[in-house]
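Colleague: Quick one: structure below, then a few questions.
Residue numbers (the numbering used here): 1 to 376.
Structure representation (structure tokens):
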């Protein structure tokens, strides 16, 4: 088999699955760049052999293709590279990956997904083909769309991909009467939530949740504190205390507070003194202008946003039509009729029967269940 001969589609699918698995290592850790995976494969007499692997490094550089090429060295010449996103073709903070692929002597490029970045948008493929490289696209595209949903949403819609997380009791409640927090799910489900946090660039709550729970919003799994996302609080009047856990931890894990235009300057100064960033967003009252907030977050590089923020914020995101994915954790425990509904002013069916979302299935996690919904 020559280097440029087409591989069996099943072989292409197998190595693209490996590239996608490698890329997922970077989720939540590469923004503002996408978390790409790349695999370089040579056709040897005994069959295809992996000679290089790479994934986007923290902060978005080096890119996955360059990492894989560096590991492959001279073995990359005449080989196939599998990449989960179209190789970049523009000079950013690093030279184009397409140029690196050409210089390495790669014979064939298999790409899962076109890059919607207007600075690329097919130019990477054009440059590769112009150099005589065979380019195959669309292998593993469905899974790549999920892996790169944050990048695609930011490029096309100017906002991050939004995942809403809800933990509800068997009777659809999210807390105790008087807005008191309740431990609803078990340890296995809570560990799942922490892993979910680690795969997002930022986590958002409303001021109601911040005041009622005094949360940390970090990743509290062994050895993973450094994978904690940016913490974002919607706080129009700056009611968050400088002595809260969020504020006191702002120098260790970044905290962005989205305030209204009339927020008291003295409160902003006190929070900034703790290391928090106070950012002004247009809007009124406690119900923030979500479009403006999401645009601001996106402009600062966030591609994947996890919303954990209580019934009011959850209801606002659903009503605003900006939920792209939802993670619904259900407990077998009942709280009772005095508990707080999971969605402020909405039945839970606003999520579970939303015409915008469909269920990808239910999984048992410990004593609880997890159901994933995604945008149609």
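By construction, the Cβ of each residue, glycine as well, lies at the ideal position given by its N, Cα and C atoms.
I think residue 215 touches residue 302, with their Cβ atoms under 8 Å apart; what is that distance to the nearest whole Å?
Modeller: On the chain shown, position 215 is the one that residue 215 refers to. On the chain shown, position 302 is the one that residue 302 refers to. The Cβ separation is near 19 Å, so there is no contact.
Colleague: Let me check one thing: in DSSP terms, what residues is residue 371 bridge-paired to?
Modeller: Here the question's residue 371 lines up with position 371 in the chain shown. In the DSSP output, where bridge partners are listed per residue, residue 371 has 328 and 362.
Colleague: What span of residues does the beta strand (DSSP E) with residue 161 cover, start to end?
Modeller: The residue labelled residue 161 in the question sits at position 161 within the chain shown. From DSSP, the beta strand (DSSP E) with residue 161 extends over 161-168.
Colleague: So if DSSP puts residue 44 in a beta bridge, which residue, or which two residues, is it bridged to?
Modeller: Stepping through the chain shown from its first residue, residue 44 is reached at position 44. In DSSP, residue 44 forms a bridge with 47.
Colleague: Just reading off the beta strand (DSSP E) that residue 108 is part of, what are its end residues?
Modeller: On the chain shown, position 108 is the one that residue 108 refers to. Here the beta strand (DSSP E) through residue 108 covers 108-111.
Colleague: Considering only C-alpha positions, which residue in the set 68, 69, 48 and 26 is nearest to residue 57?
Modeller: Taking the first residue of the chain shown as 1, we reach residue 57 at position 57. Of 68, 69, 48 and 26, the residue nearest in Cα terms is 26.
Colleague: Could you check what DSSP says for residue 212 in three-state terms: helix, strand or coil?
Modeller: Counted from its first residue, the chain shown places residue 212 at position 212. Helix at residue 212.
Colleague: What's the C-alpha gap between residue 100 and residue 31?
Modeller: Locating residue 100 in the chain shown gives position 100, counting from the first residue. Locating residue 31 in the chain shown gives position 31, counting from the first residue. Residue 100 and residue 31: Cα-Cα distance of roughly 22 Å.
Colleague: Look at residue 240 and residue 271 and say whether their C-beta atoms are less than 9 Å apart.
Modeller: Locating residue 240 in the chain shown gives position 240, where the first residue counts as 1. Locating residue 271 in the chain shown gives position 271, where the first residue counts as 1. Yes, the pair counts as a contact, with Cβ atoms nearer than the cut-off.
Colleague: Where residue 195 and residue 306 are concerned, what is the direct C-alpha to C-alpha distance, given to the nearest angstrom?
Modeller: Counting from one through the chain shown, the residue named residue 195 turns up at place 195. Counting from one through the chain shown, the residue named residue 306 turns up at place 306. Straight-line Cα distance between these residues: approximately 12 Å.
Colleague: With a CB to CB cut of under 7 Å and the five nearest residues on each side skipped, what residues in its chain are close to residue 251?
Modeller: Stepping through the chain shown from its first residue, residue 251 is reached at position 251. Cβ neighbours of residue 251 beyond the five flanking positions: 275.
Colleague: Check each candidate in 331, 206 and 361 and name the one with the smallest Cα separation from residue 316.
Modeller: For the purposes of this step, residue 316 is taken as residue 316 along the chain shown, with counting starting at 1. Among 331, 206 and 361, the Cα nearest to that of residue 316 is on 206.
Colleague: May I ask you to report which of helix, strand or coil DSSP gives residue 65?
Modeller: In the chain shown, counting from the first residue as 1, residue 65 sits at position 65. DSSP places residue 65 in helix when its eight states are reduced to three.
Colleague: Rounded to whole angstroms, what is the Cα-Cα separation between residue 256 and residue 308?
Modeller: As a position in the chain shown, residue 256 is number 256, starting the count at 1. As a position in the chain shown, residue 308 is number 308, starting the count at 1. Approximately 15 Å, taken between the alpha carbons.
Colleague: Compare the C-alpha of residue 406 against each of 146, 369 and 278 and name the closest.
Modeller: In the structure as shown, the chain starts at 1 and stops at 376, and residue 406 therefore has no counterpart that could be examined.
Colleague: Residue 99 by DSSP, collapsed to three states: which one?
Modeller: Taking the first residue of the chain shown as position 1, residue 99 is located at position 99. In the structure shown, residue 99 sits in a helix (DSSP, three-state: H, G or I).
Colleague: Look up residue 173 in the DSSP assignment and give the residues it is bridged to.
Modeller: Counting from one through the chain shown, the residue named residue 173 turns up at place 173. 341.
Colleague: Measuring alpha carbon to alpha carbon, tell me which residue in 314, 41 and 343 is nearest residue 16.
Modeller: For this step, residue 16 is matched to residue 16 along the chain shown. For the residues 314, 41 and 343, the minimum Cα distance to residue 16 belongs to 41.
Colleague: Between which two residues does the alpha helix (DSSP H) containing residue 297 stretch?
Modeller: Translated into positions along the chain shown, residue 297 becomes position 297. Its alpha helix (DSSP H) spans residues 290-299.
Colleague: Roughly how many angstroms separate the alpha carbons of residue 84 and residue 219, rounded to a whole number?
Modeller: Sequence index remark: in the chain shown, residue 84 carries index 84 (1-based). Sequence index remark: in the chain shown, residue 219 carries index 219 (1-based). Approximately 27 Å, taken between the alpha carbons.
Colleague: For the structure I just gave you, are there three or more beta carbon pairs, one from the stretch 318-336 and one from the stretch 358-373, closer than 8 Å?
Modeller: yes
Colleague: Mind checking whether residue 102 and residue 38 have CB atoms under 9 Å apart?
Modeller: For the purposes of this step, residue 102 is taken as residue 102 along the chain shown, with counting starting at 1. For the purposes of this step, residue 38 is taken as residue 38 along the chain shown, with counting starting at 1. Not in contact: residue 102 and residue 38 (Cβ atoms no closer than 9 Å).
Colleague: What are the partner residues of residue 83, as DSSP defines its beta bridges?
Modeller: Within the chain shown, residue 83 is the residue found at index 83, counting from 1. 38 and 111, per the DSSP bridge assignment.
Colleague: Under the rule that 16 or more other beta-carbon atoms within 10 Å means buried, what is residue 112, buried or exposed?
Modeller: Mapped onto the chain shown, residue 112 falls at position 112. That one is buried.
Colleague: Under three-state DSSP, which class holds residue 189?
Modeller: In the chain shown, the residue the question calls residue 189 occupies position 189. Three-state DSSP puts residue 189 in a helix.
Colleague: What span of residues does the alpha helix (DSSP H) with residue 259 cover, start to end?
Modeller: Here residue 259 refers to the residue found at position 259 of the chain shown. Per DSSP, residue 259 belongs to no alpha helix (DSSP H); it is in the beta strand (DSSP E), 255-259.
Colleague: Please report how far the alpha carbon of residue 249 lies from the alpha carbon of residue 108, in whole angstroms.
Modeller: Position 249 of the chain shown, counted from the start, is the residue given in the question as residue 249. Position 108 of the chain shown, counted from the start, is the residue given in the question as residue 108. Computed Cα separation, rounded: 48 Å.
Colleague: My parser needs the beta strand (DSSP E) runs of 3 or more residues fully inside the stretch 217-253; what are they?
Modeller: 230-234
Colleague: Determine contact between the stretch 196-204 and the stretch 338-345, defined as no fewer than three beta-carbon pairs at a distance below 8 Å.
Modeller: no
Colleague: Checking 9 Å against the spacing of the C-beta atoms, do residue 293 and residue 234 come in under that value?
Modeller: Working through the chain shown from its first residue, we reach residue 293 at position 293. Working through the chain shown from its first residue, we reach residue 234 at position 234. Yes, the pair counts as a contact, with Cβ atoms nearer than the cut-off.
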